[in-house]
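In short: position in the sequence shown from 1, add 46, done, that's my numbering.
The beta-carbon is built from N, C-alpha and C at its ideal position, and this holds for glycine as well.
Some notes on the structure that comes next.
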Amino acid sequence: MSDNQEANSGGLFKRFAESMNRGAPMNPSDDRGRMKQVMDNLVLHLHPAKVAKPSIKFTYTWGLGGLALLLLVILVITGVMLMFVYTPDPEHAYQDMLNLKTDVWFGQFMRNLHHWSGNALVVVTLLHLLRVMYTGALSRPREFNWILGVSLLVLVVVANFTGYLLPWDQLAYWAVTVGVSLLQYVPLVGDELAYFILGGPEVGAATLTNFYGLHLAIVPLLIMGILSFHLFRARKDGFSIPRKIGEAQSERVERITTIPHLVSREFIFALAATAVLVVWAILIDAPLEEAADPNHSPNPAKAAWYFMGIQELLLHFHPIFAAIIMPAVGLTMLALLPYMEHTKDGEGVWFHSKHGRRLAVLGLITGFVGTTLLVIADEYYINLPEQLPSLPTIISNGWVPFAWTMAGLWLYWELLRGPLKAAISEARQSMFTLILTGFVVLTIIGVFFRGEGMALDWPW
Ligand code: HEM
Numbered sequence: 047m048s049d050n051q052e053a054n055s056g057g058l059f060k061r062f063a064e065s066m067n068r069g070a071p072m073n074p075s076d077d078r079g080r081m082k083q084v085m086d087n088l089v090l091h092l093h094p095a096k097v098a099k100p101s102i103k104f105t106y107t108w109g110l111g112g113l114a115l116l117l118l119v120i121l122v123i124t125g126v127m128l129m130f131v132y133t134p135d136p137e138h139a140y141q142d143m144l145n146l147k148t149d150v151w152f153g154q155f156m157r158n159l160h161h162w163s164g165n166a167l168v169v170v171t172l173l174h175l176l177r178v179m180y181t182g183a184l185s186r187p188r189e190f191n192w193i194l195g196v197s198l199l200v201l202v203v204v205a206n207f208t209g210y211l212l213p214w215d216q217l218a219y220w221a222v223t224v225g226v227s228l229l230q231y232v233p234l235v236g237d238e239l240a241y242f243i244l245g246g247p248e249v250g251a252a253t254l255t256n257f258y259g260l261h262l263a264i265v266p267l268l269i270m271g272i273l274s275f276h277l278f279r280a281r282k283d284g285f286s287i288p289r290k291i292g293e294a295q296s297e298r299v300e301r302i303t304t305i306p307h308l309v310s311r312e313f314i315f316a317l318a319a320t321a322v323l324v325v326w327a328i329l330i331d332a333p334l335e336e337a338a339d340p341n342h343s344p345n346p347a348k349a350a351w352y353f354m355g356i357q358e359l360l361l362h363f364h365p366i367f368a369a370i371i372m373p374a375v376g377l378t379m380l381a382l383l384p385y386m387e388h389t390k391d392g393e394g395v396w397f398h399s400k401h402g403r404r405l406a407v408l409g410l411i412t413g414f415v416g417t418t419l420l421v422i423a424d425e426y427y428i429n430l431p432e433q434l435p436s437l438p439t440i441i442s443n444g445w446v447p448f449a450w451t452m453a454g455l456w457l458y459w460e461l462l463r464g465p466l467k468a469a470i471s472e473a474r475q476s477m478f479t480l481i482l483t484g485f486v487v488l489t490i491i492g493v494f495f496r497g498e499g500m501a502l503d504w505p506w
């Protein structure tokens, strides 16, 4: 057969399949075999050909990165569906939400699926970060991928927040009013920035258009761009290998082929996760309050749940510290965590060592008890602006409590590194646990324990 004849031989499908395989001849002779070869090729772009055997064992934290990916895919599909029936202007937006329930087939279900996947993504991304942190998978050579991950976490929150406004109900309107008001505390350009994002002096029709554009185009594009890089790096850097405490890094582990061992497990996991989400979306409706009323602010007006930690901080610190300096310092420290240490020692080992696990628990207890006591003390006993009347509030309620907080953290670090004999990776982990627990406690207090006028109150 001449070259020309050979190139033209076979059905259309064979040629199509070969073109996906960069023109290389497909080995299997039947269409099913060729399809499999194409799929395998696709899988091997995302995965290495072989993985360590311990990596495929199901554990409580298995597949969280993949789950985040699955949620993103569900969000895109359901988001596009919702787009067909949603008009981003205050006249129609709320009514469109009501119509989803009565006039659109599976409309409410699509909204529920979108809403719950969006919230689950914030939680799952955070859990994925915790898995990476506590198994030391952030160390060399994955430092930069950790930074990409931190950017993804921020973008996932921004995507969620920009979607929050779209139903145009009371919850949406006031949560966004509170959320954007935090921006006003950015030094020098705060007012201009808030005005730019709102499209005017307060939340209105222009804000809805801006948020719609951000939610539909800009933020998803940024997520897709950074995520592609993140996945590429995860593939190139090699997945970290789960190891038991005490197991040496040099110990060889058995490797097995990704196809079918890992892929089949991922498939089962994705099916199970989708099933759980679907049942959840059938049983529980996404919240919808009364239509937005700019003249009637609820008491208390609360931000979206993932910003409640910052809103709670605002009750204790000067706004520049609570809304800008502390979140900025926290995020920068988080991004730079992997650069504190160069060794890969303990990679893949939960909490690095037995001592590391004890120190992480210490961080958890200290963060929980310390933050709860400080919130109660500040609510009932401490009033720095009154107790230090000669100082401007940015010092009495800003620099002074900020310096105390930093001094407290520094003392904790010295305790870890000195008397408690923690290695840097163990100390970093314990410190991270303390700060994260503090933030989670602030969030829980803000969401459940703040009543009228944002006073401390029981939720029941
Ligand atoms: C939209 C959010 C995210 C998605 C979809 C995502 C997806 C993934 C996937 C699929 C993997 C490979 C499998 C795995 O280890 O689970 C991975 C690995 C990794 N991710 Fe993410 N990720 C996200 C956010 C983050 C965040 C917030 C961080 C940390 C700040 C992070 C840091 C890492 C690191 C260091 C690895 C390599 C882990 C290892 O080798 O064990 N990622 N990510």
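Whose C-beta lies closer than 6 Å to the C-beta of residue i among residues of the same chain, with five residues either side of it excluded?
i, result
"Phe-257", "Thr-208 and Leu-211"
"Val-204", "Val-265"
"Ile-302", "Lys-99"
"Ala-347", "Trp-220 and Val-224"
"Gly-355", "Phe-485, Leu-488 and Thr-489"
With hydrogens ignored, establish whether the beta-carbon of residue i is closer than 7 Å to any heavy atom of the ligand HEM.
i, result
"Ala-316", "no"
"Trp-192", "yes"
"Val-265", "no"
"Gly-111", "yes"
"His-160", "no"
"Val-204", "no"
"Val-122", "no"
"Ser-163", "no"
"Phe-257", "no"
"Val-196", "yes"
"Phe-285", "yes"
"Thr-171", "yes"
"Arg-188", "yes"
"His-261", "no"
"Val-178", "yes"
"Leu-118", "yes"
"His-276", "yes"
"Leu-199", "yes"
"Leu-88", "no"
Relative to the alpha-carbon of residue i, which residue among the options has its alpha-carbon at the smallest distance?
i, options, result
"Gly-284", "Leu-382, Gly-394, Glu-297 and Val-226", "Gly-394"
"Phe-363", "Leu-420, Val-322 and Leu-383", "Leu-420"
"Asp-77", "Leu-92, Arg-61 and Val-89", "Arg-61"
"Val-131", "Leu-380, Leu-116, Met-156 and Gly-164", "Met-156"
"Ala-468", "Ser-399, Ser-296, Arg-177 and Gly-259", "Ser-399"
"Ile-102", "Glu-312, Gly-413, Thr-181 and Pro-187", "Glu-312"
"Ile-491", "Ile-428, Tyr-352 and Phe-397", "Tyr-352"
"Trp-326", "Asn-145, His-161, Ile-428 and Gly-125", "His-161"
"Asn-429", "Leu-361, Phe-104 and Ile-123", "Leu-361"
"Val-375", "Ala-263, Met-452 and Ile-287", "Met-452"
Sorted by chain position, which residues of the same chain lie with C-beta nearer than 7 Å to residue i's C-beta, five sequence neighbours on each side aside?
i, result
"Pro-333", "Leu-217"
"Leu-229", "Gly-236, Leu-239, Ala-240 and Ile-243"
"Ile-470", "Met-386 and Glu-387"
"Phe-367", "Gly-444 and Phe-448"
"Phe-397", "Tyr-180, Arg-403, Ala-406 and Gln-475"
"Leu-92", "Leu-277 and Arg-281"
Kindly list the residues whose CB is nearer than 8 Å to the CB of residue i, restricted to its own chain and excluding five residues on each side of it in sequence; keep chain order.
i, result
"Lys-290", "Val-395"
"Asp-503", "Phe-495, Arg-496 and Gly-497"
"Pro-136", "Trp-214, Gly-250, Ala-251, Leu-254 and Ala-338"
"Trp-506", "none"
"Gly-112", "Glu-312, Phe-315 and Ala-316"
"Val-170", "Leu-110, Leu-113, Ala-114 and Leu-117"
"Leu-383", "Met-179, Leu-184, Trp-192, Arg-474 and Phe-478"
Please report whether the beta-carbon of residue i lies at a distance below 8 Å from any beta-carbon of chain B.
i, result
"Thr-412", "The structure shown contains no chain B; it holds only a single protein chain."
Report the rounded CA-to-CA distance for residue i versus residue j, giving the unit in angstroms.
i, j, result
"Tyr-140", "Met-129", "14 Å"
"Thr-304", "Arg-80", "18 Å"
"Thr-14", "Pro-344", "Residue 14 is absent from the structure shown; the chain starts at 47 and stops at 506."
"Val-324", "Val-89", "26 Å"
"Phe-152", "Ser-185", "45 Å"
"Leu-461", "Leu-482", "19 Å"
"Asp-391", "Glu-472", "11 Å"
"Leu-58", "Met-66", "13 Å"
"Trp-450", "Gly-271", "40 Å"
"Leu-268", "Leu-201", "8 Å"
"Val-415", "Arg-279", "39 Å"
"Arg-463", "Tyr-427", "33 Å"
"Asn-341", "Thr-439", "30 Å"
"Leu-455", "Met-477", "8 Å"
"Arg-188", "Leu-176", "15 Å"
What residues are listed by DSSP as bridge partners for residue i?
i, result
"Arg-301", "Ala-98"
"Asp-215", "Ala-337"
"Leu-395", "Residue 395 is actually Val in this sequence, not Leu. Paired residues: Arg-289."
"Leu-502", "Arg-496"
For the ligand FAD, is there a heavy atom less than 7 Å away from the beta-carbon of residue i?
i, result
"Leu-175", "As for the ligand FAD, it is missing from this structure, which binds only the ligand HEM."
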